[in-house]
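Undergrad: Below you'll find the structure I mean.
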Amino acid sequence: MEHYPVVITGAGPAGLTAAYDLVKQGIKPIVLEKSNKVGGIARTEVYKGYRFDIGGHRFYTKVEAAHQRWQEVLGQDFIKVPRMSRIYYQGKFYDYPLSIFNTLSNLGIINSLVILLSYFKAKIKAKWRPLD
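Letter 48 of the sequence shown, counting from 1, is numbered 48 in our numbering, and no numbers are missing.
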């Protein structure tokens, strides 16, 4: 039986990145994945020539080092697909990732104020809650 100093559960983007970085450092991890494919819910399936994302996830990062790492690993297979994601809620479309102006305009002044007051109430309540 082979010994692995690190066990990684899940072969999604985070697990695969962790394994990749460890191997680059000379550490041999084992990655355990219950599915017969890697990528987790961030993977893309191909059916009759069409591509379908399993989850609502997409690769987005403001960290240039993370972007470079995936570009290094995937090379030409790192495809860029322009798309727009939105949330449909109570008859209106909300930008995803959420943008404050779009969200506030869709919610309206009253709902926005109620949400804001609820947030501040929760923050004040948490601040003054005695420790157990």
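Glycine is no exception: its CB is placed at the ideal position from the N, C-alpha and C atoms.
1) For lysine 80, tell me which candidate among Tyr60, Ser105 and Ala18 has the shortest Cα-Cα distance.
2) Going by the beta-carbon positions, is the gap between alanine 19 and valine 38 smaller than 7 Å?
3) Just list the beta strand (DSSP E) runs in the region 26-76, keeping only unbroken ones of 3 residues or longer that don't cross its boundaries, in chain order.
4) For a quick check, are the C-beta atoms of lysine 6 and leucine 16 less than 7 Å apart?
5) If you check the beta carbons only, do arginine 83 and phenylalanine 93 fall under 7 Å apart?
6) Using 7 Å as the threshold, is the C-beta distance between arginine 43 and isoleucine 54 below it?
7) Can you give me the start and stop residues for the alpha helix (DSSP H) that serine 99 sits inside?
TA: According to the structure shown:
1) Ranked by Cα distance from lysine 80, the first of Tyr60, Ser105 and Ala18 is Tyr60.
2) no
3) Counting only runs of at least 3 residues, the region 26-76 fully encloses the following beta strand (DSSP E) elements, listed from N- to C-terminal order: 30-32, 44-47 and 50-53.
4) First, the amino acid is wrong: residue 6 is valine here, not lysine. No, the pair does not count as a contact, with Cβ atoms beyond the cut-off.
5) Cβ atoms of arginine 83 and phenylalanine 93: not closer than 7 Å.
6) yes
7) Here serine 99 belongs to no alpha helix (DSSP H), and DSSP marks it neither H nor E.
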